[in-house]
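Student: At position 614 of the sequence shown the residue is numbered 614 (the UniProt record's numbering), and the sequence of numbers has no breaks.
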Amino acid sequence: MATNDPKNVTDEAQLEPTVHGPAWLGPEPAREGNTAFFYGTLMHPKILKRVITHEGAELEVAAAILFDHTRFHVKYCDYPAVISSDIASQVIGDGTLADDDKAVRGVAVKGLTSKDIELLDVFEGDEYSRDEVFCAPITEFNRLSAVDTQQLLAKSGTLPSPSSATVPTFVYKWKAPATRLSSEIWNYNRFLEENVWRWLDREPTDEEQRDMTQQRMDMQGIIITPQGGEGTIIPASGEATSENVTFGHSMKKYFGFAPEYVNLNCGSFGGVAKPVTEYCEALARRAEERPDRFFRFEYIPLLAETRQRVADLIGADTEEVVIMENATHAINTILHNFEWHDGDILVSFSTSYYAIARTLDYFTERGSVHPTLSTVSLRFPSSHAEILKQFREHLQNLPNKAGRKVVVVIDAIASNPGVTFPWEEMVKICKEEKAWSIIDAAHGLGITPINLRESQPDFWTTNCHKWLYTKRGCSVLYIPRRNHHLIRTSFPTSWGYVSPPAVQEFHKIFDWTGTNDLVPLLSIIPALDFRQSIGGEKKIMDYCDNLAKEGGKRMAEILGTEVMDHNGELLNSMVNVRLPLDVAPNGLLWDHLTLSQAMMQQLIYDHECMVAVFVHDEKWWIRASAQIWTEISDFEYVAQVLKQMCREKQS
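(1) Do the region 621-636 and the region 262-281 meet, that is, are 3 or more Cβ pairs less than 8 Å apart?
(2) Would you mind reading off the limits of the beta strand (DSSP E) that contains tyrosine 478?
(3) Please report the distance separating the alpha-carbon of arginine 71 from that of glutamate 454.
(4) Kindly indicate the opening and closing residues of the alpha helix (DSSP H) around phenylalanine 391.
(5) Candidates Ala64, Val409 and Thr53: which alpha carbon is nearest residue 653's?
(6) Check histidine 443 in the structure and name its three-state DSSP category.
(7) Could you please give the first and the last residue of the uninterrupted alpha helix (DSSP H) stretch that includes isoleucine 509?
(8) Tell me which same chain residues have a C-beta within less than 6 Å of the C-beta of aspartate 206, skipping the five on either side of it?
(9) Restricting to Cα atoms, I'd like to know which of Glu58, Met599, Thr318 and Asp361 is closest to leucine 642.
(10) Given a cut-off of 8 Å on the beta-carbon distance, is the pair tryptophan 467 and leucine 452 in contact?
(11) Are the region 306-321 and the region 538-550 in contact at 8 Å, needing three or more beta carbon pairs?
(12) Pick from Arg296, Lys619, Glu118 and Gly514: whose alpha carbon is nearest that of threonine 493?
(13) Report the start-end ranges of each beta strand (DSSP E) in the region 159-193 that is 3 residues or longer and not cut off at the edges.
(14) Does the contact criterion of 3 or more C-beta pairs under 8 Å hold for the region 513-532 versus the region 274-285?
(15) Assess contact between the region 405-412 and the region 340-353, defined as three or more Cβ pairs (one per stretch) separated by less than 8 Å. Is contact present?
(16) Kindly confirm or deny that the region 328-339 and the region 472-492 touch, where touching means at least three C-beta pairs closer than 8 Å.
(17) Within the chosen definition, does the region 474-481 reach the region 283-290 through at least 3 CB pairs nearer than 8 Å?
(18) Which whole-angstrom value is the C-beta distance of glycine 125 and proline 80, which I expect to be below 8 Å?
(19) Would you call aspartate 131 buried or exposed, if buried means 16 or more other Cβ atoms sit within 10 Å of its Cβ?
(20) So for proline 80, helix, strand or coil by DSSP?
(21) Can you tell me whether DSSP reads residue 652 as helix, strand or coil?
(22) Which term fits tryptophan 495, buried or exposed, when burial requires 16 or more other beta carbons within 10 angstroms of its beta carbon?
(23) Could you have a look at phenylalanine 247 and say whether DSSP puts it in helix, strand or coil?
(24) Can the beta-carbon of valine 91 be found closer than 8 Å to that of alanine 178?
(25) Say whether chain D places a C-beta atom closer than 8 Å to the C-beta of glycine 33.
(26) Pull up the CB-CB distance for alanine 134 and threonine 113, whole angstroms please, since I reckon it's below 8 Å.
(27) Could you give the first and the last residue of the continuous beta strand (DSSP E) run that contains proline 137?
(28) Taking the DSSP output, what are the residues bridged to cysteine 609?
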């Protein structure tokens, strides 16, 4: 930030720089007669006038310097971004900045009204935040109508001292990820020579040839670029959020839940953050305005950026990651690509998600040649050591497995009960026993740290809409390069398929599987950026894990029962608590499902709350999910409701 000159500040407290947060935090009201520092496209008077929709007769402009900041190119775009020089290493890596690159030459424009700033906010959009800073004017202020910016900058001469007199102003600073910035320093003269025509020369009434200025205004503040990437840049401190972000009921305003609804069941359908919803609505409008342009040209670059962001998060290479609708879809895709022979074996667990269990049943029943199914029966609570011992013995004791394909579907976190599996160790056992490992991490991304370079499963999939705050449905499929040869087609087969002996690039098989609503698949980027802006992955996971532990303990106290756990090994951001309710002797599965559905319906419609209800090992349990919008009082409320419901059903 530029040096504050006390000679020019009458009340330093009033001029304390204020970071205006993302749009969903609410804009701060602008004062009349504002001064702005412009450093990019808005340095051009005609572009500025287009944005504020008037000739600027009352505006004055001077060449100015913003010290301690650096101006970079935005990748794939012809406009720049300014960030503090002390975080420039996020862009240039180990390189060094010249002194001239630690000061930005631009223009100071004074006399802007609150209406002007509203329009400027829309133009800059959610890639930038409007921050108060101090800049140093280096020429006299003149009427905007009488100024040629290029000549004005030419008159500015050599770089003044950072101790030069400064004036309070605001600037639009970059807040999207630093990965979207090029290490190249942006040059205004080059912009005038090569690209200004794209922002000026097209008639805004020509819908097919809108200039870039009009395009940005039409986006209504939600900027969609060729490579995506809206979000929050990491501040110099390395902390991804301001310290005053507190989890609990105060976070409800960032989600669309009804005020009275107590949601302890994000493990089923998640919760979409409002900034993600806003992004998706803007992207959907963009797709509807020009469907051919979006589906044929704009979607794939956005998808590529999404794959890159996910790969960075899960410890994988971008080429090993594709985005699809849900984890069930992904597992079906994997199984359809295996060439099955008589004697091949599918291995599942008694706790496998029901849709996956039915999928495995299908593969063992279709056609004249099919695998057989072998199920590992588990009863919880069990220790991880017990699970690993039982699993290894099960694989070793499979009959007639020599020369046969053995494919194991392993939960990272089971659904009901919602317990953590030692899946990384189970992958190692699969390798030792020459079995293929498919990790069903439907509960994975957003609930637990992932590093696939370390765990090295053969296949791995996760849902994003459960814990990551994306739009439904959205999932990730990871297949390491060593197994790409196994995947010949998407499910359903589509444009990416090529006939042997030709080989298609892995991701191209899945880039287009048919006309569909593609917006949810692209909602990962704004979801990750929102999570970063409120504290980042570790802060979110720590809060949810701790709340689940304490909330489950409190529920068990109220219900007079216990938590399903073994020395903390089974716990995650979901907790399983036994209900004081007897299971009908010799009860059938469908009887249990009917009663659990009836209980969940009563929770939803009569008590405005929700937890999953199920039977395991001849006992009734509930699964409660902790989230950043929940507090211990939510667990207490639901426990009291369940206690009364159980009394009624026992009487």
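Where is the CB? At the ideal position from N, CA and C, for every residue including glycine.
Since we're looking at a predicted model, the values are computed, not measured.
Tutor: Concretely, from the data shown:
(1) yes
(2) In the sequence shown, counting from the first residue as 1, residue 478 sits at position 478. Note, tyrosine 478: beta strand (DSSP E), 475-478.
(3) As a position in the sequence shown, residue 71 is number 71, starting the count at 1. As a position in the sequence shown, residue 454 is number 454, starting the count at 1. Their Cα atoms are separated by approximately 38 Å.
(4) As a working mapping, residue 391 is identified with position 391 in the sequence shown. Residues 384-396.
(5) The question about residue 653 has no answer here: the residues shown for the chain are numbered 1 through 651.
(6) Here the question's residue 443 lines up with position 443 in the sequence shown. Histidine 443 falls in the coil class under three-state DSSP.
(7) For the purposes of this step, residue 509 is taken as residue 509 along the sequence shown, with counting starting at 1. Per DSSP, isoleucine 509 belongs to the alpha helix (DSSP H) from 506-510.
(8) Numbered from 1 along the sequence shown, position 206 holds the residue referred to as residue 206. Note that aspartate 206 scores 39 on pLDDT, short of 50, meaning its location in the model is unreliable and no value can be drawn from it.
(9) Locating residue 642 in the sequence shown gives position 642, where the first residue counts as 1. Nearest of Glu58, Met599, Thr318 and Asp361 to leucine 642, Cα basis: Met599.
(10) One-based indexing of the sequence shown puts residue 467 at position 467. One-based indexing of the sequence shown puts residue 452 at position 452. No; because the gap between Cβ atoms is not below 8 Å, this pair is not in contact.
(11) no
(12) Taking the sequence shown and counting its residues from 1, the one referred to as residue 493 is at position 493. Checked all of Arg296, Lys619, Glu118 and Gly514; the closest Cα to threonine 493 is Gly514.
(13) 167-174 and 181-185
(14) yes
(15) yes
(16) yes
(17) no
(18) Within the sequence shown, residue 125 is the residue found at index 125, counting from 1. Within the sequence shown, residue 80 is the residue found at index 80, counting from 1. Not confirmed; about 14 Å, so no contact.
(19) Taking the sequence shown and counting its residues from 1, one reaches residue 131 at position 131. The residue is buried, with at least 16 neighbouring Cβ atoms inside 10 Å.
(20) The residue given as residue 80 occupies position 80 in the sequence shown. Reduced to three states, the DSSP call for proline 80 is strand.
(21) With the chain covering only 1 through 651, there is no way to say anything about residue 652.
(22) One-based indexing of the sequence shown puts residue 495 at position 495. Per the 10 Å Cβ criterion, exposed.
(23) Position 247 of the sequence shown holds residue 247. Phenylalanine 247: coil per DSSP, three-state reduction.
(24) Indexing the sequence shown from 1 puts residue 91 at position 91. Indexing the sequence shown from 1 puts residue 178 at position 178. Yes, these two residues count as a Cβ contact at 8 Å.
(25) Absent from the structure is chain D; it holds one protein chain and no more.
(26) Sequence index remark: in the sequence shown, residue 134 carries index 134 (1-based). Sequence index remark: in the sequence shown, residue 113 carries index 113 (1-based). It is worth fixing the name first, because residue 134 is phenylalanine in this sequence and not alanine. About 21 Å; that fails the 8 Å criterion.
(27) On the sequence shown, residue 137 is found 137 positions in, with the first residue counted as 1. Start and end: 128-137.
(28) Along the sequence shown, read from residue 1 onward, the residue named residue 609 stands at position 609. In the DSSP output, where bridge partners are listed per residue, cysteine 609 has Val262.
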